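Numbering (the working numbering), first residue to last: 272 to 615. Down below is the structure, laid out as structure tokens.
If you want it as structure tokens, here you go:
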């Protein structure tokens, strides 16, 4: 098995980017440790607990590993960007969450790759997002792209709309080299972020900027289980799950190819807020089953919908917000009351 052979097989298995990284510790682990120490993980304890020390060294995750096969799967569709949607009565769901849950799609194709490559059970481990591994860092070292100021991996030809996955293997493969950072002096993602979540670190290398989760719309709408800080609610606009703004404005995504994988076709593109506010818990589960949106949980999702309604300026949302303000969930009630006050 050679690196060239693996790359051919990976493309046959549906991956758009493929590269090999050595299974050595990466210098980005120092930047990650500093990010955690600064408290920028917010309440995402799974990023800051004992697993934080594992992320920069795959040997601690899978001791036999010799090489990290890194892949990227494009999910960009032809639909408009969030920055092009001007209707305040519609809710925005991040592009990555429109279709089938990427965890299962990428894992399935990595299993196919392992089988096609003849890897034996016990000689490899598959990682897709949930494993304690600095995915973007290893993807960079594998030559898939550089890490932009918004912390997304950016490929010069294809932009940043990628799901990443890794195949840790005990086989020794020829590694690739990281590409140069081509963000230059561009600040579009920094300036476009409504909550100023992309912050300087003071570093002199590729770690000059990072994302402070405590200011990030994606964190508020997906990971945060408590109350969204009031100071940031008006800046959230109509985002009900995730945020694409920093990628939507990136010049490298202006030339990003469009993917036609039916797994990622939008089930719910910019759904009406009124419809979302009326969902029962069972309807929420049915509507978003098998998609990343389910991660927000029912009450958390309605909390986000209430904030979006409050930001809409539409008087007709007073009725659904009044109903949500009578919810048995205290968190949802509080956000619905805030939204009503914001409508006047």
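Even for Gly, the Cβ is constructed at its ideal location relative to N, Cα and C. Computed from a predicted model, the values in this text were never measured in an experiment.
Judged by DSSP in its simplified three-state form, residue 443 adopts coil rather than helix or strand. In the assembly as shown, residue 500 is an exposed residue. Its beta-carbon has fewer than 16 other beta-carbons within 10 Å.
Assignment of residue 590 by DSSP, reduced to helix, strand and coil, places it in the helix class. Inclusion of residue 573 and residue 548 in the CB contact set at 8 Å is warranted, their separation being smaller than that value.
Judged by DSSP in its simplified three-state form, residue 517 adopts helix. With 16 or more other Cβ atoms from the protein chains shown falling within 10 Å of its own Cβ, residue 440 counts as buried.
Between the alpha carbons of residue 330 and residue 417 lies a gap of roughly 23 Å. The C-alpha of residue 279 lies about 22 Å from the C-alpha of residue 527.
By the CB criterion at 8 Å, residue 413 and residue 292 fall inside the cutoff. For the pair residue 362 and residue 495, the CB atoms are not nearer than the 8 Å cut-off. Burial of residue 343 is indicated by the presence of at least 16 other C-beta atoms within 10 angstroms of its C-beta. Taking 4 residues as the shortest admissible run, the stretch 516-562 contains the following complete alpha helix (DSSP H) segments, listed from N- to C-terminal end: 516-519, 544-548, 552-559. According to the DSSP secondary-structure assignment, residue 436 is paired through a beta bridge with 342. The continuous stretches of beta strand (DSSP E) do not include residue 503, and DSSP gives it neither H nor E.
In this structure, 568 is the residue among 471, 568, 383, 588 with its C-alpha nearest to the C-alpha of residue 553.
In this structure residue 420 is buried. Its beta-carbon is surrounded by 16 or more other beta-carbon atoms within 10 angstroms. Excluding residues up to 5 positions away in sequence, 465, 466 lie with their Cβ nearer than 7 Å to the Cβ of residue 506 in the same chain.
Contact annotation: the stretch 389-396 does not touch the stretch 571-587, with fewer than three C-beta pairs closer than 8 Å.
If you compare the alpha carbons of 570, 511, 588, 518 with that of residue 604, the shortest gap goes to 570. Closest option to residue 462, judged by alpha-carbon separation, among 366, 404, 521: 521.
In the structure shown, residue 394 falls within a coil segment according to DSSP collapsed to helix, strand and coil.
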